[in-house]
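Protein sequences appear in the order of chains R and A.
Counted from 1, the first sequence has number 674 at position 265 by the working numbering; the numbering is strictly sequential.
Counted from 1, the second sequence has number 41 at position 16 by the working numbering; the numbering is strictly sequential.
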Amino acid sequence: MGTDAAAGTPAIAIEVENLVAHYGSREVLHSVSMHVHRGEIMVIMGGSGSGKSTLLRHLLGLRRPTSGSIRLLGRDITRLSAREMLALRRNIGVSFQGGALFNSMTVRENVELPLREHSKLDRKTMQIISRIKLEVVNLAGFENLMPAELSGGMIKRAALARAIVMDPQLLFFDEPSAGLDPVVSAELDELILSLRDAMNMTIVVVTHELESAFKIADRITVLDHGHVLEIGDTAQIRSSGNERIQNLINRRPRNEALDADEYLRRLTE
Amino acid sequence: MRDVVRWLIRRSLSVLGASGQRSIAVLEEVGYLFSLFAESLYWAVAGRWLQQPVRLAPIFSAAMAVGVTAIPIIALASFAVGTMLAIQGIYSLRTFGAESQVALAIAISVTREFAPLITGIFVAGRSASAIAAQIGTMQVAQEIDALSVIGINPVRYLVSPLLLAMLIAMPALVVMSNFVALSGGALYCNLELGMPFSAYVESTIDALKPSDVWQGLSKSFVFGAIITLVGASNGFMVTAGAEGVGKATTRSVVVSIASIILADMIFSYFQSR
């Protein structure tokens, strides 16, 4: 775990070592290891059932692993007390698939909620901060709408505003392009890139949208059935020799050889 | 013959196994309810020192939703129950020529039994479903996860205010229910027996001990806790989409009403010893 001598902050923002996870008795993550540098955008890619959402849930501290360690900003989240974890969460922002905005609150109340919980700022200051963040995501003027009145793209942007309201060092995206048309999706990609550039945020994006992934990623982790296939920058992944990665990139359907006897047995048993 | 015996054995073992598994599932759920109860109380008491305060405003707005908006229907039902008790009481006591004792019979049955039970059942129907639906929908939309990653404990934020609101609203509703039911009884006795209201009131006050009213109120605390916890636990456990929320809603109402009636039986037994 390297340290930045000048700032005293760890150069490795996220470190996962030999993470093993189960759903009941079924092992879904088999000794996954990876790390993310400060200020980089890491895309976690994989087919359905590859375990990328499960990995994300563990990184967010929503599930406890069977074994292994997860270090966020130098602290092992599997060993923190509730108070320490709460303090760490100020530095984490998450944008869920579908936004996960609180439907009983306005956009502004949604964005201000982390401020309300983590700070003692007065109403006016919180309003200014939430408006600043809404400007960043181009949602200025929509603060008094309810989530049900927003379009899909606006929901995602409001969720992003809520995720960055505390100026977190770590930002997580779960399928940011899900349900969005290509134009809005491209705009969101630009936002993600600008967040990294302007605020030096470390960003982890879980997605299976290839175009977005290759556009924004500094490095890519490819998962398959709970294993890490490869970790590398976009060029390395594109030129990877692994057949399953090439299938993923080139959108080739899986080629499972047909065993005639098996086929007959399945039909007639 | 041997095959029949073997089949019988296999069948009984699988039935036993299934009922065994169901019993374990029931125990698990009861255990989960108790731990949810303990956790909500923990946050209500200690939350302030752990940066997870339970705020007053949500408690009062929940009390409004659970309590105030239920007043009309509970008043109506209580009036009907009070009148019904008067009808049945007079009918049964007529055999002994003891109709004058009907005020005592109504007072005791209403305060110890019917007011908390009717209130509990109505609030269960309205609020156990509403709580399960609200929390279940949030769970499906990942709003519960969103609360967790912001650093807000979902139990502290959602369940503790509801529990405290119930503990305020239920006794208040039962007090109202007592008054309305007794009034219904008074009205019927006046119409049927010509009993003057002053006589009815005096009879009622003579018959009632403070412990009667208190026992009814203490039941209402328990019923309120049951309603909140059953609704919340079913909401948190939703996994599928809209269908899952629908199932959780129905289940909450059925389980909470059944639990209330069971708890009522147990409480009544111990209170009357």
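Yeah, the Cβ is synthetic: ideal placement off N, Cα and C, and Gly gets one too.
Small disclaimer: the values here were computed from a predicted structure and weren't measured.
Query                                                                                                                                                                                  : Result
Where does the unbroken beta strand (DSSP E) through D633/R begin, and where does it stop?                                                                                             : R628 to D633
Along the chain, where does the beta strand (DSSP E) that runs through N215/A open and close?                                                                                          : No beta strand (DSSP E) contains N215/A, which is instead part of the alpha helix (DSSP H) from S185 to L218.
Under 9 angstroms, do M201/A and I285/A count as touching if we go by C-beta distance?                                                                                                 : no
Please name the residue in L129/A, F204/A and L142/A whose C-alpha comes closest to that of T229/A.                                                                                    : L129/A
Mind checking the segment 443 to 471 of chain R against chain A and listing, in chain order, the residues whose C-beta falls within less than 9 angstroms of any C-beta there?         : R466, L469, G470 and L471
Report the partner residues of T136/A according to the DSSP bridge assignment.                                                                                                         : Answer is none; T136/A lacks a bridge partner.
For D627/R, I'd like the list of residues in its chain whose CB is within less than 6 angstroms of its CB, leaving aside the five on either flank, ordered along the chain.            : E449 and I450
Check the Cβ-Cβ distances between D413/R and every residue of chain A, and say whether any is below 9 angstroms.                                                                       : Its pLDDT being 43, under 50, D413/R is placed unreliably by the model, and nothing is read from it.
Using the DSSP secondary-structure output, state which residues sit across from I423/R in a beta bridge.                                                                               : V445/R and L481/R
Could you tell me whether any Cβ in chain A is nearer than 9 angstroms to the Cβ of N512/R?                                                                                            : yes
Restricting to Cα atoms, I'd like to know which of R488/R, L602/R and V503/R is closest to V17/A.                                                                                      : Residue 17/A cannot be examined here, being either before or after the span of chain A that is shown, 26 to 298.
Grab me the residues of M195/A's own chain with a C-beta within less than 6 angstroms of its C-beta, minus the 5 sequence neighbours each way, in chain order.                         : S245 and G249
So which residues of chain A does L619/R contact, with C-beta pairs closer than 9 angstroms?                                                                                           : The premise fails here: L619/R is roughly 24 angstroms from chain A at the closest Cβ pair, so nothing lies under 9 angstroms.
When you compare the CB positions of A69/A and L207/A, do they come within less than 9 angstroms of one another, or not?                                                               : no
Is it true that the CB of G176/A sits closer than 9 angstroms to the CB of E521/R?                                                                                                     : no
Quick check on DSSP: helix, strand or coil for D642/R?                                                                                                                                 : strand
D590/R and K624/R: beta carbons closer than 9 angstroms?                                                                                                                               : no
Going by C-alpha to C-alpha distance, which of F551/R, H439/R and R675/R sits closest to T515/R?                                                                                       : F551/R
Looking at I143/A and I99/A, is the spacing between their C-beta atoms short of 9 angstroms?                                                                                           : yes
Against chain A, with Cβ distances strictly below 9 angstroms, would A557/R count as a contact?                                                                                        : no
Sort out for me which residues DSSP pairs M454/R with in a bridge.                                                                                                                     : V631/R
Alpha carbon to alpha carbon, what distance is there between H446/R and D485/R?                                                                                                        : 16 angstroms
Which chain A residues sit within Cβ distance under 8 angstroms of G507/R?                                                                                                             : A166 and Q167
Near A415/R, what residues of its chain come up, given a Cβ to Cβ distance below 6 angstroms and the 5 sequence neighbours on each side ignored?                                       : Any reading at A415/R needs caution, since the residue's pLDDT is 44, under 50, leaving its predicted position unreliable; the model's value is listed next. Excluding sequence neighbours, A415/R sits near nothing in its chain.
Against S173/A, what residues of chain R qualify as contacts under a CB-to-CB distance less than 7 angstroms, listed in chain order?                                                   : L471
Is A153/A near L233/A, with beta carbons less than 9 angstroms apart?                                                                                                                  : no
I want to see whether chain A comes within less than 9 angstroms of H527/R, judged by CB atoms only; does it?                                                                          : yes
Determine which residues share a DSSP beta bridge with I614/R and list them.                                                                                                           : A small fix is needed here, since residue 614/R is Val in this sequence, not Ile. Answer is V452/R and F582/R, bridged to V614/R.
For V127/A, is the beta carbon positioned less than 8 angstroms from some heavy atom of the ligand MG?                                                                                 : Among the components modelled here there is no ligand, and therefore nothing to report on the ligand MG.
Buried or exposed: N259/A, going by 16 or more other Cβ atoms within 10 Å of its Cβ?                                                                                                   : buried
Are the beta-carbon atoms belonging to V452/R and I629/R less than 9 angstroms from one another?                                                                                       : yes
Over what stretch of residues does the beta strand (DSSP E) that includes I501/R continue unbroken?                                                                                    : I501 to S504
Mapping DSSP to helix, strand and coil, what is R661/R?                                                                                                                                : coil
Give me, in chain order, the residues of the same chain whose beta-carbon lies closer than 8 angstroms to that of I640/R; leave out the 5 immediate sequence neighbours on both sides. : M443, R628, I629, T630 and V631
Extract the residue ranges of the alpha helix (DSSP H) inside the segment 503 to 559 of chain R, only unbroken runs of 4 or more that lie entirely within it.                          : 516 to 527 and 532 to 545
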